[in-house]
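Q:
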Amino acid sequence: MGNHLTNQNSPYLLQHAENPVDWYPWGEEAFRKAEKENKPVFLSVGYSTCHWCHVMAHESFEDKEIADILNKYFVSVKVDREERPDIDSVYMSVCQALTGSGGWPMSIFMTPSQKPFFAGTYFPPASRYGMTGFKELLLAIAKKWEQERDSLCEAAQNLVDEIACMDGRKKEYGAGKTGDEYSADDIGKAVDASLPGKAARMISGNFDAAYGGFGEAPKFPMPHNLLFLMMYACLEGEMGQAREIILEQVRMTLEQMRRGGIFDHIGYGFSRYSTDRIYLVPHFEKMLYDNALLVMAYAVAYRVFGEDMFLDTAKKTAAYVLREMTGEEGGFYSAQDADSEGEEGRFYVWSPEEICEVLGEEKGGRFCEYYGITKQGNFEGKSIPHLLNGNRISDAFAQEREILYRHRAARMKLHLDDKVLTAWNGLTICAMSMLYRVTGDKEYLSAAQKAERFLDKYVMEENIIYAGCRNGVRLPKGYLDDYACMAAAYLSLYEATADDTCLKRAEAICKEAQRQFEDEKGGYFLYGKLNDDLIIRPKETYDGALPSGNAVMAYCLVRLSQLMQKEDDTSVLRQLAYLSREAAGYPAGHTMFLIALLYEMYPPQKITVVLGGEDSAGRIMARMPFYADVRVFDKETADYPLLNGRTTYYVCRNHTCMPPVNEEGFAAAVIGNDEK
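Below, the structure written as structure tokens:
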């Protein structure tokens with residue numbers, strides 16, 4: 035039959051192109067129709083690998099009776115939240131304001147002028163378990179629109195006004211002044227250096243001492259929180275016993291996640307979150323951004339703790355991304371679905387009988403014992419492989435695992451969302467660059483550089499960035515997160531290669547972000563001068579599953595000022611001051627900003643290495659402290675000559691440069707390994 039989504043490019047919209055619901059994509063056509071026919075708009079926001087989006091689609095949007103109601107009384111609009119984070123952000127704030135929570139699928143009812151008056155998430159087709167049925171809800175709203183339209187429109191306007199007042203745009207550095215009217219010294223005084231300590235104590239105080247992680251179920255990985263805690267514990271010299279407590283909390287959390295079912299022990303990579311307290315049963319979808327951030331967290335943990343298990347986890351997670359989430363030209367795909375054959379997790383679970391049939395009774399039995407696969411199962415009668423039983427983390431069953439991986443691949447394939455999203459790709463470039471710095475393995479640097487070339491070809495025009503692409507077709511113009519994460523990607527490539535071109539690209543992208551998104555009263559808006567206007571202009575600062583664009587911008591501005599040796603950069607101080615004010619109420623929710631603040635408070639030492647003899651850049655990089663700005667030259671220069679014809683280390687720290695040395699051990703002692 036088809037509807038108005040038939041010619042769309044989004045995998046999520048295409049999943050609904052054959053629904054009996056007469057869906058429209060977001061755009062003028064839909065809202066003109068609603069205005070002309072005097073109908074309310076039903077907005078449904080989700081993404082292609084969302085389990086409950088699939089459920090609601092099957093129960094309601096494929097149901098002819100419900101579709102008829104929607105088509106008669108509403109104009110229905112579908113939005114892919116990953117393609118349009120601006121729309122998602124605006125209406126998620128509505129959903130949270132009206133219901134106290136949010137999630138996907140997100141269901142919004144609004145006027146033809148895009149002003150919302152009712153919101154929710156998933157609705158069952160008929161009322162059950164205290165939940166209002168979707169059919170009943172549609173009929174009630176249609177009746178109210180017919181009989182009390184003016185009151186609905188008035189309520190919608192009041193809601194928009196309320197949310198506009200909540201979005202932080204009125205915050206300034208002081209009464210009657212904007213950020214531009216303050217000196218660097220004035221703004222610097224507004225930067226709150228106490229916030230990292232407050233956040234660390236808040237997060238640490240919520241630690242689950244029995245099973246690792248923080249808080250109760252569901253448990254999200256939140257790798258940026260773990261990165262912050264490691265960085266804070268390693269840099270704050272006066273912490274005493276608290277340092278060891280925090281580091282042990284991080285170490286236990288990372289180990290528990292690796293042991294649990296949230297990590298795919300057969301195909302590698304991490305699922306989105308754990309539905310339980312012990313990290314056994316995940317929500318099975320795999321997101322690119324989670325895996326990128328977790329590669330970073332485990333790579334840094336390897337440097338902090340020196341345990342091979344952490345490096346092994348980072349490498350296996352990267353292997354999953356490179357094997358299953360990477361296109362031929364190097365772009366990284368968005369997500370893998372949780373569902374197959376209509377069931378969540380079916381692709382990932384096993385019975386002892388199936389294991390033994392594939393591996394044989396003897397090997398299969400040992401494999402089941404090692405990975406906790408039992409007759410009674412741990413998930414709907416079958417078993418999720420795990421090592422929560424205390425068995426040693428090792429590659430003892432590497433050959434058997436590979437056989438089972440190939441066997442599993444023959445099951446019904448999981449849906450792959452093959453959009454290439456710019457922001458998420460930027461984070462993955464950072465992850466691969468960081469893993470190269472830790473291992474010296476050029477495979478990871480090559481993957482990062484190939485992805486950068488892909489993005490440069492398909493989503494960038496000079497300094498103008500698009501939100502992503504699919505099948506060569508670009509998404510809309512980019513948002514703050516796209517610019518911030520791409521600038522971070524170029525900074526990471528610079529840190530890995532010392533290529534000045536990358537540093538210049540990062541600087542140019544940050545300047546373009548300032549031109550498009552910066553608010554004169556502080557901070558950056560989510561969408562900018564080149565994007566569509568919506569009913570409000572959000573300015574996100576809080577870190578969710580992803581760090582906020584404002585926080586990543588703060589990091590980029592701080593690192594640019596340090597790497598380009600700009601003293602007292604006002605743009606840096608303005609952003610840190612703005613985010614200090616935003617984070618004051620709940621600093622634990624702003625850890626990416628706090629990472630940027632720690633960089634500002636504790637500038638990394640600078641190490642210049644001139645190669646001699648058989649040394650390589652990769653081998654040197656893998657031996658350097660992670661919290662350092664390292665440049666590696668293939669040959670001596672006028673400023674950095676070789677000492678004694680051998681590899682030479684030039685170390686500067688705390689505004690003091692040491693004499694050049696050849697001995698790596700001596701250099702390390704002078705450098706100070708902050709991670710240990």
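Position one of the sequence shown corresponds to residue 35 (the numbering used here), numbered consecutively onward. The C-beta atom is built at its ideal place from N, Cα and C for all residues, glycine as well.
#1: Which runs of the alpha helix (DSSP H) fall wholly inside the segment 452–486 and span at least 4 residues, in chain order?
#2: Would you identify the three-state DSSP class for G231, choosing helix, strand or coil?
#3: Please name the residue, chosen from Y125, V55, P59, that lies closest to K106 on a Cα-to-Cα basis.
#4: Roughly how many angstroms lie between the CA atoms of L77 and E71, to the nearest whole one?
#5: What are the complete beta strand (DSSP E) segments, minimum 3 residues, inside the segment 128–201?
#6: How about A326 and A348: are their beta carbons less than 7 Å apart?
#7: For the candidate residues I175, P146, L132, whose alpha-carbon lies nearest to that of G154?
#8: I'd like the list of long-range same chain contacts for T681, defined as Cβ closer than 6 Å, with 5 residues on each side in sequence excluded.
#9: Measuring CB to CB, does A372 end up less than 7 Å from E378?
#10: Which one or two residues does DSSP pair with E378 in a beta bridge?
#11: Once you ignore the five residues that flank N678 on each side, which residues in its own chain have a CB closer than 8 Å to its CB?
#12: Could you tell me which residues DSSP pairs with P59 in its beta bridges?
#13: Check each candidate in A611, L527, E529 and name the one with the smallest Cα separation from G557.
#14: According to the Cβ coordinates, are K112 and W57 closer than 7 Å?
#15: If you count every other CB in all the chains shown that lies within 10 Å of the CB of H689, and 16 or more means buried, which is it?
#16: List the endpoints of the continuous beta strand (DSSP E) containing C536.
#17: Report the three-state DSSP secondary structure of G502 (helix, strand or coil).
#18: Identify whether I620 lies in helix, strand or coil by the three-state DSSP scheme.
#19: For N497 versus E546, is the C-beta distance shorter than 7 Å?
#20: To the nearest whole angstrom, what separates the beta carbons of A485 and N459, a pair I think is in contact under 8 Å?
#21: With a threshold of 8 Å on Cβ separation, who are the neighbours of R293 within its own chain once the five nearest residues in sequence on each side are excluded?
#22: Output the boundary residues of the beta strand (DSSP E) element that contains V79.
#23: Run the CB neighbour count on K453, radius 10 Å, all protein chains shown included, and call it buried at 16 or more, exposed below.
#24: What does the Cβ neighbour count give for D324, buried or exposed, with the cut at 16 atoms within 10 Å?
#25: Going by DSSP, what residue range makes up the alpha helix (DSSP H) through I437?
#26: Count the CB pairs spanning the segment 548–562 and the segment 527–534 that are closer than 8 Å, and state whether there are at least three.
#27: Classify G502: buried if its beta carbon has 16 or more other beta carbons within 10 angstroms, exposed otherwise.
#28: Step through the CB atoms of chain C and report whether any lies within less than 7 Å of the CB of V586.
#29: For E434, which of L448, R400, L560 has the nearest alpha-carbon?
#30: For S44 versus E96, is the C-beta spacing smaller than 7 Å?
#31: Are A622 and M291 closer than 7 Å when you measure CB to CB?
#32: To which residues of the same chain is Y46 closer than 7 Å at the C-beta, ignoring the five residues directly before and after it?
#33: I543 and D516 - do their beta-carbons sit closer together than 7 Å?
#34: Measuring CA to CA, which of L173, Y524, A579, D566 is closest to Y589?
#35: Would you grab the beta carbon distance between A68 and V109 for me? Rounded to a whole angstrom, and I think it's under 8 Å.
#36: At what residues does the beta strand (DSSP E) containing D102 begin and finish?
A: Reading from the atomic positions:
#1: The segment 452–486 contains these whole alpha helix (DSSP H) runs: 456–473.
#2: Secondary structure at G231: helix, using DSSP grouped into helix, strand and coil.
#3: Checking every option, the nearest Cα to that of K106 belongs to V55.
#4: One C-alpha to the other measures close to 17 Å.
#5: Listed in chain order, they are 140–144, 150–154.
#6: For A326 and A348, no; Cβs fall outside 7 Å.
#7: Among I175, P146, L132, the Cα nearest to that of G154 belongs to L132.
#8: Here the set comprises L645, G646, D649.
#9: Contact flag set, yes.
#10: E378 has D373 as its beta-bridge partners, per DSSP.
#11: These residues qualify, in order along the chain: N696.
#12: P59 pairs with K112.
#13: Comparing alpha-carbon positions, the option among A611, L527, E529 lying closest to G557 turns out to be A611.
#14: By the CB criterion at 7 Å, K112 and W57 fall inside the cutoff.
#15: Under a 10 Å Cβ-count criterion, H689 is classified as exposed, with fewer than 16 other Cβ atoms of the shown protein chains found around its own Cβ.
#16: Looking at the DSSP string, C536 is not in any beta strand (DSSP E); the run it does join, the alpha helix (DSSP H), is 534–551.
#17: Strand.
#18: It is worth fixing the name first, because residue 620 is Tyr in this sequence and not Ile. It is coil, neither helix nor strand.
#19: Taking 7 Å as the Cβ cut-off, N497 and E546 qualify as a contacting pair.
#20: Between N459 and A485 the Cβ distance is about 6 Å, and since that is below 8 Å, they are a contact.
#21: Its chain contains Y313, H420, L421, L422, I427 as the residues whose beta carbon lies nearer than 8 Å to that of R293, once the 5 sequence neighbours on both sides are disregarded; these appear in chain order.
#22: First-last of the beta strand (DSSP E) with V79: 75–80.
#23: K453 comes out buried.
#24: Buried.
#25: First-last of the alpha helix (DSSP H) with I437: 432–443.
#26: Short answer: they don't touch.
#27: That one is buried.
#28: Chain labels in this structure do not include chain C; a single protein chain is all it has.
#29: Closest option to E434, Cα to Cα, is R400.
#30: Judged by their CB atoms, S44 and E96 are not nearer to each other than the 7 Å cut-off.
#31: Not in contact: A622 and M291 (Cβ atoms no closer than 7 Å).
#32: If we look at Y46 and ignore the five residues flanking it on each side, its Cβ neighbours are G80, Y81, S82, D114.
#33: Not a contact, by the Cβ cut-off of 7 Å.
#34: That would be Y524, whose Cα lies nearest to the Cα of Y589.
#35: Contact between A68 and V109 holds, since their C-beta atoms are separated by about 4 Å, short of 8 Å.
#36: Not the beta strand (DSSP E): D102 falls in the alpha helix (DSSP H), residues 98–107.
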